[in-house]
Amino acid sequence: MKKYIFALLFVVSYAFASNEIQKAFLVALFTNNGKGENVQHKITTTLSYVNKGEIISKVAIIGNYNKNTKVIVKLAGIEGKLLDELTLYNDINKKVFGTELTFKHNNIPKKGYFEVFVDGKLYDTKVFVK
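When you line the sequence shown up against mature numbering (1 follows the signal peptide of the UniProt record, and there is no 0), it's residues -17 to -1, 1 to 113, in that order.
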């Protein structure tokens, strides 16, 4: 009987473990020559990124991100390529609370929204890129 209770407790704790993403959003956009802006609290970018060559975007994912999590970012419909990952943690207790991902987009031909998808679910589309 104890084995069944232990197994049930294990299954329930695994099912309700905090392994989901709470937030995913665009943090910053940069051109290949270093010009860019922080777009966390903006609806529209101040700089134009159309036909500027390579565009670098930084996306923050708050929650338990792992290598099996599929993140797709699109800038005006063009999918970005993952370049780098950086762990975000609290300075006081060194607890990990998220990940910052860096993506590269090649030559954006038109204006459009920046979209962040995590495991097929749309998390952010508020920033319009000029």
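Don't be surprised by glycine CBs; every beta carbon is placed ideally from N, CA and C. Treat the numbers as computed from the prediction; the structure is a model and nothing was measured.
For this session: Compare the Cα-Cα distances from F80 to each of K18, V54, Y48 and report the closest residue.
Result: Working through the sequence shown from its first residue, we reach residue 80 at position 97. Ranking K18, V54, Y48 by Cα distance to F80 puts Y48 first.
Problem set entry | Sheet register partners of D107 (DSSP bridge) | What you label residue 107 is simply residue 124 of the sequence shown in a count that begins at 1. According to DSSP, which records beta bridges pairwise, D107 is partnered with V99.
For this session: Return helix, strand or coil for K41, following the three-state DSSP convention.
Result: In the sequence shown, residue 41 corresponds to position 58, counting from 1. Three-state result, K41: strand.
For this session: Could you check the C-alpha separation between K50 and L84 for me, to the nearest Å?
Result: Reading the sequence shown from its first residue, position 67 is the one you call residue 50. Reading the sequence shown from its first residue, position 101 is the one you call residue 84. Looking at the two C-alpha atoms, the distance is approximately 12 angstroms.
Problem set entry | Cβ distance (whole Å) where L66 is taken to contact K87 below 8 angstroms | Numbered from 1 along the sequence shown, position 83 holds the residue referred to as residue 66. Numbered from 1 along the sequence shown, position 104 holds the residue referred to as residue 87. Yes, they are in contact, since the Cβ atoms of L66 and K87 sit about 5 angstroms apart, within 8 angstroms.
Exercise. Is the distance from the Cβ of V56 to the Cβ of G63 below 7 angstroms?
Worked result: Taking the first residue of the sequence shown as position 1, residue 56 is located at position 73. Taking the first residue of the sequence shown as position 1, residue 63 is located at position 80. Result yes, Cβ atoms of V56 and G63 sit closer than 7 angstroms.
For this session: Go ahead and pull the three-state DSSP assignment for D67.
Result: In the sequence shown, the residue the question calls residue 67 occupies position 84. The answer is strand: DSSP assigns D67 an E or B state.
Exercise. So K57 is in the beta strand (DSSP E); what residue range does that whole segment cover?
Worked result: Within the sequence shown, the letter at position 74 stands for residue 57. 54 to 58 is the span of the beta strand (DSSP E), which, as asked, contains K57.
Exercise. Can you pull the DSSP bridge partners for F8?
Worked result: To locate residue 8, count along the sequence shown from 1; it is residue 25. According to DSSP, F8 bridges with A43.
For this session: Leaving aside the five residues before and after N21 along the sequence, list all residues of the same chain whose C-beta is less than 8 angstroms from its C-beta, in chain order.
Result: Here residue 21 refers to the residue found at position 38 when the sequence shown is read from its first residue. Excluding residues within five positions, the ones whose Cβ falls inside 8 angstroms are V10, A11.
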